Amino acid sequence: MAATSLKYTDINEIPKAHSREAEGDIRCGQNSASIVQRHQLLQLARMIQENAEAMQDAIFRDYGKQKLEVVIGELSPAVSACINAANKLEEWAKPEKPVVEEWRSSWDTTIHKVPKGVAIIISPWNYPYIISLAPLVGAIAAGCPVLLKPSEHTANVSTLYAELFPKYLDTDSYAVANGAIAETTCLLDLKWGSTSVGRVVAAAAAKQLTPVTLELGSKSPVYVDAENTDIELAAKRLLWAARSTRLCVSPDYILVPREHQDAFVTAIQKAYAQFYPNGALDSTSTLTGGEVVAGGKEGAGKIEPTVVKNVSRDDPLLKGEIFGPIMPIVPVDGLEEAIKIIKSYGTPLVMHVFTESMETRDKFLYGTQSGTLVLNDRTDADRLDTVYEMPFGGQGESGYGSYLGKYSFDTFTHQKSYINVPLAAEPFLGYRYPPYTEEAYNFFAAGTFQKIPDN
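Per our numbering, the sequence shown starts with residue 47, numbered consecutively.
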């Protein structure tokens, strides 16, 4: 993997780019469902299609991501998102007529979808394409100009963004700002990234009354209801998940009833032998107090998928997001202890539960909080980013707001209320003027004393 020196954006150019986009925002707001947005969405799709090989090569040079994983989890979902948004733009942007009280029925009341303004998208290194492009699709659809700040830790990808954007997209509306702390400070006067920094982002945005959508990290848990699921299938799906733990929703730890831990480990080892026929390391690692039961080899800046059993609550593996191919198995004495442990880590971005029991499902669905609850599989970009009808976002510690499909459009759209009270409504409104009469009081008090349903 060849190192690339990322050319940082001149700090003096960043405010100029913002000014150009702010002027463009006024034009967009006049026709937010125009052919312009559709054209830009299709141009973004063409950018990805026509440069797919270069995009795959760039991310491979940054950190060795295989091209199959790139198309499954990043490029294909991004192209689909562009086309889906372009096809549904008119539907999404159509003004809505709210249902109003009967006495206001003659009023012209309309909710117009208008862009919120210039958007800044700060994306991380782990999925530098889809986590940049999915919100970008929503912003374009909404009519918001965008400054994209990709991660400096993926220098090849970020360099490619800077090269491709002006070739395909309107340069007055969409720009890339590359750099590190100084350049990001110029954008937001802060750094970016984790939950702790997310608080700083929100605080800084509050000073400017700027709306923010935060997708943050979390320790995403897995609970394996061993008595009510196929252990071998659960093991296979979870081991497959270990290949891509750079994803912010990757399982961070697995909770298994204590009496079923050994059976689950055996199933993991069986799947491991199928996936990775070579190698396993002994349990001498100092990283954890648990026992390494599969994998563990490392070299050339990589570590193979590693499974560790008998991990305790105070183990280093449970202290923060792992962001690596390590699967800690935490034995628990039942479902209630599992839920207690999960709650102790705040609200995860995604929670995974393997069970066929509706009772177990309901305990997690209604008894815990998470951005998303996934049953009987793990979350991956190739899954969530193609379910356009569903929002993706965090709650509490894992962020707030959502995006994907129409929800990306909604994130970057302000619903502007429009009310036209006709002069012909004066017979009703005339009661509000002094001198106040008993007749006027009775007219307005009718709402106060209207019938309330018995139950």
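Using N, Cα and C, we set each Cβ at its ideal position, and we do this for glycine too. Please read these numbers as outputs of a predicted model, since none were measured by experiment.
Alpha-carbon to alpha-carbon, P123 and A132: 14 Å
Exposed or buried, what is Y482 when buried is set at 16 or more other beta-carbons lying within 10 Å of its beta-carbon? exposed
P174 - DSSP class collapsed to helix/strand/coil: coil
Taking a contact to mean a Cβ-Cβ separation below 8 Å, would you say P196 touches S178 in this structure? yes
Considering just the uninterrupted stretch of the alpha helix (DSSP H) at M101, what are its terminal residues? That run of the alpha helix (DSSP H) goes A98 to Y109.
Is the region 139-153 close to the region 87-106, with three or more CB pairs under 8 Å? no
Can you tell me where the beta strand (DSSP E) holding F400 begins and where it ends? Its beta strand (DSSP E) spans residues V396 to F400.
Helix, strand or coil, according to DSSP, for P374 in the structure here? strand
Could you spell out where the alpha helix (DSSP H) holding A132 opens and where it closes? Segment S122 to A139, the alpha helix (DSSP H) holding A132.
Does the contact criterion of 3 or more C-beta pairs under 8 Å hold for the region 389-401 versus the region 418-425? When Cβ pairs closer than 8 Å are counted between the two stretches, the region 389-401 is seen to touch the region 418-425, the count reaching three or more.
Could you spell out the range, first to last residue, of the beta strand (DSSP E) harbouring T459? From DSSP, the beta strand (DSSP E) with T459 extends over T459 to N466.
Rounding to the nearest angstrom, what Cα-Cα distance links S390 and Y412 in this structure? 17 Å
Does the region 276-289 come within contact of the region 186-203, defined as at least 3 CB pairs closer than 8 Å? No, the region 276-289 is not in contact with the region 186-203.
Answer with buried or exposed for N488, where buried requires no fewer than 16 other C-beta atoms within 10 angstroms of its C-beta. exposed
Considering only the beta carbon of each residue, do G451 and E261 sit closer than 8 Å? no
Taking C-beta to C-beta, are V183 and S454 nearer than 8 Å? yes
Give me whichever residues DSSP pairs with T275 in a beta bridge. Answer is none; T275 lacks a bridge partner.
Give me, in chain order, the residues of the same chain whose beta-carbon lies closer than 7 Å to that of E402; leave out the 5 immediate sequence neighbours on both sides. N274 and T275
Alpha carbon of T156 to alpha carbon of R304, nearest angstrom: 58 Å
Going by beta carbon distance, what residues of the same chain come within less than 6 Å of C128, once the five residues before and after it are set aside? The answer, listed in chain order, is L87, L90, A91 and V183.
N-terminal and C-terminal residue of the alpha helix (DSSP H) that T312 is part of: First-last of the alpha helix (DSSP H) with T312: Q307 to F321.
Determine the burial state of P161: buried for a count of at least 16 other Cβ atoms within 10 Å of its Cβ, exposed for fewer. buried
Would you call the region 359-379 and the region 305-325 touching, i.e. three or more CB-CB distances under 8 Å? yes
Looking at the structure shown, is S197 part of a helix, part of a strand, or coil, going by DSSP? The answer is coil: DSSP assigns S197 none of H, G, I, E or B.
Going by beta-carbon coordinates alone, are A100 and L206 separated by less than 8 Å? In this structure, L206 lies closer than 8 Å to A100 by Cβ.
Can you tell which of E367, S152 and E209 has the C-alpha that lies nearest to the C-alpha of L515? Residue 515 is absent from the structure shown; the chain starts at 47 and stops at 501.
Quick one: what does DSSP say G244 is sitting in, helix, strand or coil? helix
Just to confirm before moving on: does the CB-CB distance between G392 and S296 stay below 8 Å? no
When you compare each of G445, P141, V117 and R84 to P174 by their alpha carbons, which one comes out closest? V117
Local conformation of L52 per DSSP, three classes: coil
S390: first and last residue of the uninterrupted beta strand (DSSP E) it sits in: Counting along the chain, S390 falls outside any beta strand (DSSP E), though it belongs to the alpha helix (DSSP H) covering L381 to S390.
With DSSP run on the structure shown, which of helix, strand or coil describes Y482? coil
Residues of its chain near Q315, where Cβ-Cβ distance is below 7 Å and the 5 sequence neighbours each way are ignored: V339 and A340
Short check: CB of M373 to CB of T406, under 8 Å? For M373 and T406, no; Cβs fall outside 8 Å.
Need the endpoints of the alpha helix (DSSP H) that D408 sits in, please. M404 to G413
Extent of the continuous alpha helix (DSSP H) to which V146 belongs: Taken as a continuous stretch (DSSP letters only), V146 belongs to no alpha helix (DSSP H), as it is neither H nor E.
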